[in-house]
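Working notes, structure below.
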Amino acid sequence: MVGSTGTLTDTVGRLAALLRLLRVRTGGADVRRTLGSAAVLGVLAIILRFLLSRGASTSKLLRRAGQPIKGTRDGEAQEEYDIVIAGGGTAGCVLASRLSEDPAIRVLLLESGGRRVASIGALTQTPLLYTQTFNTKQSHNLWTVPQEHANGKARFWPRGRYLGGCSAVNAMVFHYGAPSDYDEWAELQKGLEGANEWTFKQFNQYFLKFEKFHPSKKFSLVDTVLRGSAGPVNIGYYGNIAESTVAFIEACERAGIPRNPDFNTPKGTLGANKVLTFIDSRSRRVSTESAYLTPEVLSRPNLTVITHAQVTRILFAGGRARPRAVGVRYESRSGEQFEVKARKEVVVCAGALHTPQILMLSGVGPANHLNVHNIPVVADLPVGSNLMDHPVVDLHFKDKTKSEISGIPWVVRKAEQGNVAAILKVAKVMLQYQLFSTGPLRCNIAEALAFVRSSDETLFPPEKFSEPVADATSGPEAPDIEFFFSPLTYFEHGHGAVASGHYFAMHAITVRPTSVGTVQLKSADPHDPPVIDPKYLSTEHDIACLVRGVRLLSRIARTEPLASMIEHAGDEPFLNHNMHTWSDEQIADLIRERVQTLYHPTSTARMAPLEEGGVVDTRLRVHGIPNLRVVDASVFPKITSGHTVSPTIAVAEKAADMIKDAFRSASIY
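Just add 65 to wherever you are in the sequence shown, counting from 1, and you've got our numbering.
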């Protein structure tokens, strides 16, 4: 059985994966002896961790997980459910859990990946190690097309391939976005029925519904009345907080960015502070799998979860005049094809890249594009259009204090090469985490955030910033620039070569980009990855925003107490100590070279009226197909001005209520 987090089985898995992370070359006796010592310490850690777990119970296996639904290869379906959910990612786990609360609703959840805990749980449960799943079978390792306005380079876009999806492999940042983002969503629905339910005043209930906030003595200014307290998702100020992170927050304040005790309230998100995290009191990641698909939920007789089941198309009846979703076809890990019926609805929850792919493979998409791939058109809709993402630029600085955490990337790299001293350091860090849930492995990488407006004249004086940036925000209190601080640095999504020494990083993001891209099919083969073109930096607005962001970060780097931590004499070519001496053109060139994804694609099946380029209505039903819904970040009318996992969970919570209401009334069936 797969142990619940905190049990002996869980600890064994975590430690084993951490040791695998080292991938040590055992070419010499000294290395072997060192590994033997580390193994002894590891066994002690397992025993002690088990004793400290105080008898936590083991979880049940996923009910019928991995058992294909009985069917025939000629397409005759033998089993049916009320609701079939295609995709067990961030939203899919929420939806399956909430819908199956009603024992009258039979729910099937299909996920192309496996269980997070059952595969390499340590790498995803241990906050700092999540990028180690990139470039493995546990990730969809996607690439954009070469970016015309970003030096012609393709960008890596990893996506989680587990139950829990990207909530299992993200930076664990709990953030709503700006309240006015949701008022804008409602406004974009042109007064359609149900539009007002998306205003922040009404939609906020779904954030509060999923939250279980844990107060902190260090961050006592949070108004707990404005936080949820009974939801399934643990949030709090858990995780690491480095000395350099504290210095960044103080430097932001001295540079003119006020401290905000809580980014996630009706008061707005402007300001700087330590980030609230999806990390629990034992320093473990909280994903939607761990929060919503608990042993109790999985034991429900009306819920079936099948992993390693890739949905390849949606099945329709009724013809193009009155199409109706009647089921899905999926493929098992062995390559067998099966079909399953949906009596009431099919809900696609595969994320902003794979949801449009599934829809288009099924004949729901732009007719001209589907015709190219000889796919019969079921509904001519702009699926795959309006792709939005948050572009980020990383800036690197040398840590004069030589803190333990700022040297971790280099230490791990040396340990991988069999360096004895590095192996011992990593073993120490592992033991800290395993025995006491302390140490640098608790770091979620983005330890502090700051949100500002490019129009703020206290931060961007007109005499120095004479060219205004067009306002793309959702309201006067909403940001268009975000910063986050990492007490360590990384390259190429954590897989690039790291220079010897101690470094930390600051990052600039435009959270209201005006560059809009596309997701298209490469072919009619569901095994081919989608063609992704975010069109990074294709507008002057996005460049101008990022130039301002980099300039302000440069000023923060020269503001105490952060300034005293930076070794300004460093001459490594990747360092950014002297950005204040650069011209705007030089900074823009750096931005074009370094821009990457913040892992926030949205809006490829956006909620909007049909005549406004929408794919789904205010009830998240695909236009013209009332029993086919989309529930994930694809439906965002516009990208939120912040991190996207929290609004995705809230969208799924709201969708569950809407589907339950429809099921009871049977009005659309």
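Glycine included, every Cβ here is placed at the ideal spot set by N, Cα and C.
C-beta contact flag for residue i and residue j at 8 Å
| i | j | result |
| --- | --- | --- |
| LYS587 | PHE268 | no |
| ALA670 | LEU424 | yes |
| VAL405 | VAL149 | yes |
| VAL563 | LEU368 | no |
| VAL517 | VAL615 | no |
| VAL210 | ILE597 | yes |
| GLU512 | ASN305 | yes |
| ILE488 | ALA307 | no |
| LEU506 | LEU194 | yes |
| PHE381 | VAL370 | no |
| LEU663 | VAL411 | no |
| ASN206 | PRO223 | yes |
| ARG613 | ALA215 | no |
| LEU627 | LEU460 | no |
| GLY296 | TYR227 | no |
| ILE510 | ALA169 | no |
| LEU174 | GLY154 | no |
| SER758 | ALA374 | A query on residue 758 cannot be resolved here, the shown segment of the chain reaching from 66 to 734 and no further. |
| HIS558 | PHE221 | yes |
| SER232 | VAL700 | no |
| PRO691 | LEU253 | no |
| ALA243 | ASN439 | no |
| PRO323 | GLY336 | yes |
| LYS463 | GLY566 | yes |
Assigned exposure category for residue i - 16 Cβ within 10 Å defines buried
| i | result |
| --- | --- |
| SER502 | buried |
| SER629 | exposed |
| ASP95 | The pLDDT assigned to ASP95 is 46, lower than 50, so where the model puts this residue is not dependable, and the model offers no usable value. |
| ILE714 | buried |
| THR538 | buried |
| TRP208 | exposed |
| LYS202 | exposed |
| ILE724 | buried |
| VAL290 | exposed |
| THR523 | exposed |
| VAL238 | buried |
| ARG385 | exposed |
| ASP288 | exposed |
| ILE606 | Here the sequence assigns His to residue 606, which means Ile is not the residue at that position. Burial call: buried. |
| SER309 | buried |
| LEU127 | Low local confidence applies: a pLDDT of 38 at LEU127 is under 50, so the model's placement there is unreliable, and no value is given. |
| ASN433 | exposed |
| GLY400 | exposed |
| ILE134 | At ILE134 the pLDDT is 45, less than 50, meaning the model places this residue with poor confidence; the figure from the coordinates comes in the next sentence. Buried, because 16 or more other Cβ atoms sit within 10 Å of the Cβ of ILE134. |
| GLY71 | Note on GLY71: pLDDT 41, under 50, position unreliable in the model; the coordinate value appears next. Label assigned to GLY71: buried. |
| LYS479 | buried |
| THR198 | buried |
| THR377 | buried |
Nearest-angstrom beta carbon gap, residue j and residue i [assumed within contact, 8 Å]
| i | j | result |
| --- | --- | --- |
| VAL687 | CYS610 | Incorrect: roughly 33 Å between the Cβ atoms, too far for contact. |
| CYS317 | ILE621 | 6 Å |
| PRO421 | VAL448 | 5 Å |
| LEU446 | VAL680 | 5 Å |
| ASN261 | HIS279 | Incorrect: roughly 32 Å between the Cβ atoms, too far for contact. |
| THR667 | GLY259 | So it is not a contact: roughly 20 Å between Cβ atoms. |
| ASP147 | PHE556 | Actually they are not in contact, since the Cβ atoms of ASP147 and PHE556 sit about 48 Å apart, beyond 8 Å. |
| SER352 | GLY229 | 4 Å |
| PRO712 | TYR241 | 7 Å |
| GLY326 | PHE284 | Checking the displayed sequence, the identity of residue 326 turns out to be Pro instead of Gly. With 8 Å as the limit, PRO326 and PHE284 qualify as a contact, their Cβ atoms being about 7 Å apart. |
| PRO388 | VAL442 | Not really, about 10 Å apart at Cβ, beyond 8 Å. |
Exercise for the section: Give a yes or no on contact between the stretch 144-159 and the stretch 353-360, applying the rule of three or more CB pairs nearer than 8 Å. Expected result: yes
Problem - Three-pair Cβ contact test at 8 Å for the stretch 528-543 versus the stretch 238-250 - result: yes
Practice task
Please specify which runs of the beta strand (DSSP E), each continuous and at least 3 residues long, are wholly inside the stretch 201-278, giving them in chain order.
Solution key: 204-208 and 221-225
Practice task
Just list the alpha helix (DSSP H) runs in the stretch 387-459, keeping only unbroken ones of 4 residues or longer that don't cross its boundaries, in chain order.
Solution key: 416-426 and 432-437
Handout entry: alpha helix (DSSP H) segments (min. 4 residues) lying fully within the stretch 478-517
Key = 485-501
Practice task
Pick out the complete alpha helix (DSSP H) segments inside the stretch 641-723, 4 residues or longer, and give them in chain order.
Solution key: 649-659
Problem - In chain order, each alpha helix (DSSP H) run of at least 4 residues that lies wholly inside the stretch 559-622 - result: 605-622
Practice task
Report yes or no: do three or more beta-carbon pairs, one from the stretch 462-481 and one from the stretch 575-582, lie closer than 8 Å?
Solution key: no
Problem - Contiguous beta strand (DSSP E) assignments of at least 3 residues, all confined to the stretch 269-352 - result: 276-279, 298-301 and 336-339
Problem - Minimum length 4: unbroken alpha helix (DSSP H) runs contained in the stretch 139-182 - result: 155-164
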